[in-house]
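The opening residue of the sequence shown carries number 5 in this note's numbering; numbering runs sequentially from there.
Where is the CB? At the ideal position from N, CA and C, for every residue including glycine.
On a predicted model such as this, the values are computed, not experimentally measured, just so you know.
First the structure, in the form of structure tokens, and then the observations on it.
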Amino acid sequence: LTSETMSKTLAWTNFALSAAGTLVLIPSLAIFLATNNKAIIPEMVGGELLTALGLATFLVSAGREFIRKRA
5 LTSETMSKTL
15 AWTNFALSAA
25 GTLVLIPSLA
35 IFLATNNKAI
45 IPEMVGGELL
55 TALGLATFLV
65 SAGREFIRKR
75 A
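Printed below as a string of structure tokens:
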């Protein structure tokens, strides 16, 4: 990505989704593995979805570079 073609909105969205997903997923996974409490699974799924949305945002951002017009 170059500074001229980079979308700051996509970059910050990617960061926010990935960070939030990690902050939800890692503690939930640790609790689940320590206690085997199946009630924590919805929180894990939420973290996984946030992380996957962050990945999708990154793919959109990187994909835009492949289809942009070159100077």
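Coarse secondary structure for residue i, derived from DSSP in three states
i: E8; result: coil
Exposure of residue i, with buried meaning 16 or more beta-carbon neighbours within 10 Å
i: S32; result: buried
i: V64; result: exposed
i: L21; result: buried
i: G67; result: exposed
Cβ-based neighbour list, residue i, same chain, cut-off 6 Å, excluding 5 preceding and 5 following
i: E47; result: S32
i: N41; result: none
Residue i to residue j span [Cα, whole Å]
i: T61; j: L53; result: 12 Å
i: F36; j: I30; result: 10 Å
i: N18; j: L57; result: 8 Å
i: K12; j: T55; result: 19 Å
Cβ shell of residue i (< 7 Å), same chain only, five flanking positions each side left out
i: R72; result: T9
i: G50; result: V28
Enumerate, from N- to C-terminal direction, the unbroken alpha helix (DSSP H) stretches of 4 or more residues contained entirely within the region 12-66. Scanning the region 12-66 from its first residue to its last, the whole alpha helix (DSSP H) runs of 4-plus residues come out as 12-39.
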